[in-house]
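Notes to accompany the following structure.
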Amino acid sequence: MKNHNWKFNYLSKFQNEIDKIKEEGHYRTFNSIERKVGNFPKATRHHNGEMHDIDVWCSNDYLGMSQNKEVIQSMIMAAEKLGAGSGGTRNISGTTQNHILLEEEIAKLHKKERALAFNSGYSANESALKSIISAFDNCLVLSDELNHASLIEGIRGSKKEKAIFKHNDVAHLKKVLKGVSFERPKIIVVESVYSMEADFSPLEDIVEVAQENGALIYLDEVHAVGLYGSSGGGIAEEKGIVEHIDIINGTLAKAFGLAGGYIASTETIVDYVRSFSKGFIFTTSMCPAVAAGSLESIKQVQKKHELRSEFFKNVNFVKEELRKTGIPFLDSGSHIVPVIIGDSKLCKEISDYLLNQHKVYVQPINFPTVPKGTERIRITPTPCHSREVTKNFIESLKDAWFKFMPRISSIAVKQSIQKTTI
Ligand SMILES: Cc1ncc(COP(=O)(O)O)c(C=O)c1O
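This note's numbering applies: residue 131 is where the sequence shown begins, and numbers increase by one.
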């Protein structure tokens, strides 16, 4: 009989790694929730064979577009007409008219010559960035220290030299660039809104540094598209500097409420990525219904100025109500409201308490999404959160905060107070 004992060595290694993160308190537990169309932020939670109604406060469906009737209708129509899947890679029978129209709309949204759709914002960053950097033998990549994992993986995959500059610190970026020749190819990689710090990149200054040093700019606008700028084109549009940003990355999964990601740039850069990026070439293309829904959503969001103003009104209302409670939060000016807890186990405990006792859901954000010691809950108001739902949430949070306060790391509280308006 064959001896299979060797397999247990592999399994025990995997198990040890899992046990380690359980011990450290950042093992991830997925909550099974079903949001209800027409009723978001209400959702049903499935837990231990039971179902409960809850309010969701941590969704990235920032504008509630995932439940927009026209978007859903366009998806149904596309699926009925074209089938569920695309049936191939973009090169081998997987390009539909929906994909083409979606890319034209994205290019228009960002005032760029051309755009390219990927199956996620993550894969757009990882594979586009890797191929763009790889085009230059001697490329130097300048990356903000708090860049998203997808950007980091794209940079790492290129195997070119990288220099990390301190978060949003233009003086440090300049220092890193000192002595590097103007002729050497360089790419500055930043996000416009940092989704865990909730702050904005100093984009105008970054553009200036790029111009002084002959660098390209790759900008992740994932948490800004659909929300900022006069047509929802993001922070670059809002600041009127789109033409100075060489490559814009965005997602269809957050403010636009679907799934998928993209880059928008010049004809040549997009054609290059289309031709060389393995994560674009060697994968089945986005489902046609997702492309149709995304196209509809982008068109809707551009028109719906009142939806965006309602969104920001609600964000401000949450912040005002939080200020009254004395709970410190990172008020960096964006639509995201992080409350630092500073300990992974406690962060999970607070989140569980809110869910079980108050039926409000904010997922704990632990390592590796944020550095250890800066664990937080991340609140994301939407236009769908009514005043009543918000007041109930604030009362619940207040109860949890003061119940757990003695255990919330004083360092974490101090950190957030420094950046906070109370
Ligand atoms: C800054 C940033 N970039 C890219 C992504 C990936 O986007 P997607 O969810 O479309 O894969 C995320 C996801 O949260 C993100 O926060």
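Idealized CB from N, CA, C, for every residue including glycine.
### Residue span of the alpha helix (DSSP H) that contains residue 455, given as start and end
The residue given as residue 455 occupies position 325 in the sequence shown. Residue 455 -> alpha helix (DSSP H) spans 435 to 455.
### Query
Can you list, in chain order, the residues of its chain whose CB lies under 8 Å from that of residue 429, leaving out five sequence neighbours each side?
Here the question's residue 429 lines up with position 299 in the sequence shown. The answer, listed in chain order, is 235.
### Query
So residue 377 packs on residue 348, CB below 8 Å; how close in whole Å?
As a position in the sequence shown, residue 377 is number 247, starting the count at 1. As a position in the sequence shown, residue 348 is number 218, starting the count at 1. Going by Cβ atoms, the distance from residue 377 to residue 348 rounds to 5 Å, so yes, they are a contact pair.
### Message
Quick check: residue 336 and residue 320, are their CB atoms within less than 8 Å of each other?
### Response
On the sequence shown, position 206 is the one that residue 336 refers to. On the sequence shown, position 190 is the one that residue 320 refers to. Closer than 8 Å, so yes.
### Query
In the structure shown, what three-state DSSP assignment does residue 185 receive?
Numbered from 1 along the sequence shown, position 55 holds the residue referred to as residue 185. In the structure shown, residue 185 sits in a strand (DSSP, three-state: E or B).
### Query
Assuming residue 198 contacts residue 387 under a Cβ cut-off of 8 Å, what Cβ separation, rounded to an integer in Å, is found between them?
One-based indexing of the sequence shown puts residue 198 at position 68. One-based indexing of the sequence shown puts residue 387 at position 257. 7 Å between Cβ atoms; contact.
### Task
Tell me where the alpha helix (DSSP H) around residue 466 begins and ends.
Working through the sequence shown from its first residue, we reach residue 466 at position 336. Element bounds for residue 466: n/a, residue is neither H nor E.
### Query
Which residue's Cα is closest to the Cα of residue 188: 499, 346, 495?
Position 58 of the sequence shown, counted from the start, is the residue given in the question as residue 188. Cα-wise, what sits closest to residue 188 is 495.
### Task
May I ask whether a heavy atom of ligand 1 can be found less than 7 Å away from the beta carbon of residue 310?
Here residue 310 refers to the residue found at position 180 of the sequence shown. No.
#### Entry: Opening and closing residue of the alpha helix (DSSP H) in which residue 290 lies
Counting from one through the sequence shown, the residue named residue 290 turns up at place 160. No alpha helix (DSSP H) holds residue 290; DSSP gives it neither H nor E.
### Continuous beta strand (DSSP E) stretch holding residue 404: start and end
Walking along the sequence shown from the start, residue 404 turns up at place 274. It is not in any beta strand (DSSP E) - residue 404 instead sits in the alpha helix (DSSP H) that spans 397 to 406.
### Query
From what residue to what residue does the beta strand (DSSP E) around residue 273 run?
Mapped onto the sequence shown, residue 273 falls at position 143. Residue 273 -> beta strand (DSSP E) spans 270 to 274.
### Message
Give me the residue from 505, 538, 481, 449 with the minimum Cα distance to residue 512.
### Response
Within the sequence shown, the letter at position 382 stands for residue 512. The shortest Cα separation from residue 512 among 505, 538, 481, 449 belongs to 449.
### Message
Quick check: is any heavy atom of ligand 1 less than 7 Å from the C-beta of residue 402?
### Response
For the purposes of this step, residue 402 is identified with residue 272 of the sequence shown, where counting begins at 1. Checking every heavy atom of ligand 1 against the Cβ of residue 402, none is found closer than 7 Å.
### Query
Is it the case that the Cβ atoms of residue 264 and residue 408 are separated by a distance below 8 Å?
Residue numbering aside, residue 264 sits at position 134 when the sequence shown is read from its first letter. Residue numbering aside, residue 408 sits at position 278 when the sequence shown is read from its first letter. Taking 8 Å as the Cβ cut-off, residue 264 and residue 408 do not qualify as a contacting pair.
### Query
From residue 474 to residue 338, what distance separates their C-alpha atoms?
If you number the sequence shown from 1, residue 474 lands on position 344. If you number the sequence shown from 1, residue 338 lands on position 208. Taking the straight line joining both Cα atoms gives about 39 Å.
#### Entry: Beta-carbon proximity check, residue 467 vs residue 509, cutoff 8 Å
For the purposes of this step, residue 467 is identified with residue 337 of the sequence shown, where counting begins at 1. For the purposes of this step, residue 509 is identified with residue 379 of the sequence shown, where counting begins at 1. Yes.
### Task
Identify whether residue 350 lies in helix, strand or coil by the three-state DSSP scheme.
Along the sequence shown, read from residue 1 onward, the residue named residue 350 stands at position 220. It is a strand residue.
### Message
Can you confirm whether the segment 500 to 508 touches the segment 388 to 408 when touching is taken to mean that 3 or more C-beta pairs between the two stretches lie within less than 8 Å?
### Response
no
### Query
Pick from 395, 463, 182, 160: whose alpha carbon is nearest that of residue 325?
Position 195 of the sequence shown, counted from the first residue, corresponds to residue 325. The shortest Cα separation from residue 325 among 395, 463, 182, 160 belongs to 463.
### Task
Could you work out which residue in 155, 154, 185 is closest to residue 166 when comparing CA atoms only?
Residue 166 sits at position 36 when you count from the first residue of the sequence shown. The option with the nearest alpha carbon to residue 166 is 185.
### Task
For the alpha helix (DSSP H) holding residue 85, just list the boundary residues, first then last.
A query on residue 85 cannot be resolved here, the shown segment of the chain reaching from 131 to 552 and no further.
### Task
Tell me whether residue 177 counts as near ligand 1, meaning its Cβ is closer than 7 Å to at least one heavy atom of that ligand.
Along the sequence shown, read from residue 1 onward, the residue named residue 177 stands at position 47. No; taking the cut-off as 7 Å, the Cβ of residue 177 has no heavy atom of ligand 1 nearer than that.
### Message
Tell me whether residue 350, by its Cβ, gets closer than 7 Å to a heavy atom of ligand 1.
### Response
Translated into the one-based positions of the sequence shown, residue 350 becomes position 220. Residue 350: yes, Cβ under 7 Å from ligand 1.
### Query
Any chance the CB of residue 146 is under 7 Å from a heavy atom of ligand 1?
Taking the sequence shown and counting its residues from 1, one reaches residue 146 at position 16. It does not: the Cβ of residue 146 is nowhere closer than 7 Å to a heavy atom of ligand 1.
### Query
Once you ignore the five residues that flank residue 520 on each side, which residues in its own chain have a CB closer than 8 Å to its CB?
Indexing the sequence shown from 1 puts residue 520 at position 390. Here the set comprises 444, 447, 448, 451, 511.
### Message
With H, G and I counted as helix, E and B as strand and the rest as coil, what does DSSP make of residue 523?
### Response
Here residue 523 corresponds to residue number 393 of the sequence shown, with the count starting at 1. If DSSP states are grouped into helix, strand and coil, residue 523 belongs with the helices.
### Query
How should residue 244 be labelled, buried or exposed, when 16 other C-beta atoms within 10 angstroms of its C-beta is the threshold for buried?
Residue 244 sits at position 114 when you count from the first residue of the sequence shown. So residue 244 ends up on the buried side.
### Task
Taking only heavy atoms of ligand 1 into account, decide whether any of them is closer than 7 Å to the Cβ of residue 278.
Within the sequence shown, numbered from 1, the residue matching residue 278 stands at position 148. Residue 278 Cβ: within cutoff of ligand 1.
#### Entry: Residues that DSSP places opposite residue 172 in a beta bridge
Taking the first residue of the sequence shown as position 1, residue 172 is located at position 42. Per DSSP, 185.
### Task
Determine, using beta carbons only, whether residue 362 and residue 314 come nearer to each other than 8 Å.
Within the sequence shown, numbered from 1, the residue matching residue 362 stands at position 232. Within the sequence shown, numbered from 1, the residue matching residue 314 stands at position 184. No, they are not a contact pair.
### Query
Count the other CB atoms within 10 Å of the CB of residue 379; is the residue buried (16 or more) or exposed (fewer)?
Start at 1 with the first residue of the sequence shown, and residue 379 comes out as number 249. Counting Cβ neighbours within 10 Å, residue 379 comes out buried, since at least 16 surround it.
### Message
By the three-class DSSP mapping on this structure, what secondary structure does residue 143 have?
### Response
The residue labelled residue 143 in the question sits at position 13 within the sequence shown. Looking at residue 143 - three-state DSSP - the assignment turns out to be helix.
#### Entry: Same chain, Cβ closer than 6 Å to residue 293, neighbours up to 5 away in sequence not counted
In the sequence shown, the residue the question calls residue 293 occupies position 163. Same-chain partners within the cutoff: 272, 306.
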